[in-house]
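At the far end of the sequence shown sits residue 266, using the numbering used here, and the numbering has no gaps.
Heads up, the beta-carbon is just placed ideally off N, CA and C, and yes, glycines get one too.
Working notes, structure below.
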Amino acid sequence: MDKQTFRKKVAAFILSEVPQSLVYQLESFGIRMKKGEYWLDLALDNFYQGYCRQDPILRDQYFSEVLAPFIKDLKREGGMNYRDVLNNQDKIYPLLVGAHDIQGIVSTRLLGDLHVAYVLDEGMRIFFLDPPTLLQLNWPLEKLNRIALANLDRDLIKPLQLLDAKRKIFGFNYGDSYDTSRLLSFILKPEEQGLRTRRKLLVMVPNRDVVLFFQPVEKALLRQSMMIGQSSFINNPYPISKAVFQLQDGVMQPCPDLSPFQ
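Rendered as structure tokens:
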């Protein structure tokens with residue numbers, strides 16, 4: 005199935021489920037759904053790729069499951085609310101963000117310009133929890149944090165990857181929204197992450213899609229590693245931090261003396 009056929013399939017499904025709605029094609033590979041005064045846009049690239057990866061016998065099930073939360077919002081002419089959060093606590097996760105992204109959302113400061121935000125994840129969309137939602141839930145922040153970390157530990161922990169053999173850079177780059185969130189497992193449960201040494205690790209969290217771990221080595225390679233992190237901060241739509249941190253035995257600290265420009 006090509007992209008245009010897939011887009012038509014999505015539009016037809018929405019109109020069959022919510023006949024009173026309107027569907028518009030966007031110039032990019034996406035659609036806009038509208039009912040009453042409520043509308044939302046859906047980018048189709050990831051949805052299309054996920055659909056194509058499915059076993060053919062499972063594609064219709066995947067298709068309807070992805071669209072289900074959007075259909076629900078369209079029918080009620082409103083987006084996610086505190087009831088969705090309350091009824092789907094198993095889908096609340098922590099998400100690392102930079103200091104420039106915390107305005108208007110619930111977050112806790114991790115270290116330096118690293119902050120932990122909290123999201124309700126329904127597949128193709130995530131909802132950042134904001135203070136009014138937390139107030140309606142009547143939850144202390146500690147409870148939200150506890151739920152999110154437990155779900156991260158249950159669903160999202162994955163093994164380290166070797167990202168650069170020459171420079172011995174390890175990290176996470178699995179392509180989902182939570183690669184940098186996996187850093188939390190090295191802070192909270194370092195003994196479970198399979199590290200064979202207690203030597204200090206240097207860490208960079210340049211953007212939401214990658215976290216880099218490397219050890220102090222020969223100066224030229226160290227500089228190259230930091231420049232990779234710096235570039236990943238500058239050239240990503242979801243930047244987090246250009247700082248270098250030090251991690252040892254679950255304790256992370258800033259490294260103000262290290263700079264990609266040294």
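Would you decide whether residue i is buried or exposed? Buried here means 16 or more other CB atoms lie within 10 Å of its CB.
i, result
"residue 212", "buried"
"residue 104", "exposed"
"residue 259", "buried"
"residue 224", "exposed"
"residue 246", "buried"
Which stretch, first to last residue, makes up the alpha helix (DSSP H) that contains residue i?
i, result
"residue 4", "This structure gives no information on residue 4, because the portion of the chain shown stretches from 5 to 266."
"residue 155", "145-159"
"residue 233", "223-238"
"residue 212", "Neither: residue 212 is in no alpha helix (DSSP H) and is coded neither H nor E."
"residue 168", "Taken as a continuous stretch (DSSP letters only), residue 168 belongs to no alpha helix (DSSP H), being part of the beta strand (DSSP E) at 165-168."
"residue 191", "187-192"
Just tell me which of the options has its CA closest to the CA of residue i.
i, options, result
"residue 242", "37, 215, 248, 254", "215"
"residue 257", "206, 101, 210", "206"
"residue 29", "21, 23, 38, 22", "38"
"residue 138", "86, 116, 16", "86"
"residue 11", "43, 42, 55", "55"
Could you have a look at residue i and say whether DSSP puts it in helix, strand or coil?
i, result
"residue 22", "coil"
"residue 111", "strand"
"residue 132", "strand"
"residue 33", "coil"
"residue 45", "strand"
For residue i, report the span of its beta strand (DSSP E) as first-last.
i, result
"residue 175", "173-176"
"residue 49", "Taken as a continuous stretch (DSSP letters only), residue 49 belongs to no beta strand (DSSP E), being part of the alpha helix (DSSP H) at 49-57."
"residue 122", "118-125"
"residue 182", "Neither: residue 182 is in no beta strand (DSSP E) and is coded neither H nor E."
Who are the near neighbours of residue i in its chain, counting only those whose CB is closer than 8 Å to its CB and skipping five residues on each side?
i, result
"residue 50", "128"
Quick one: residues in its chain with C-beta nearer than 6 Å to the C-beta of residue i, no 5 flanking neighbours on either side, listed in chain order?
i, result
"residue 240", "211"
"residue 148", "122"
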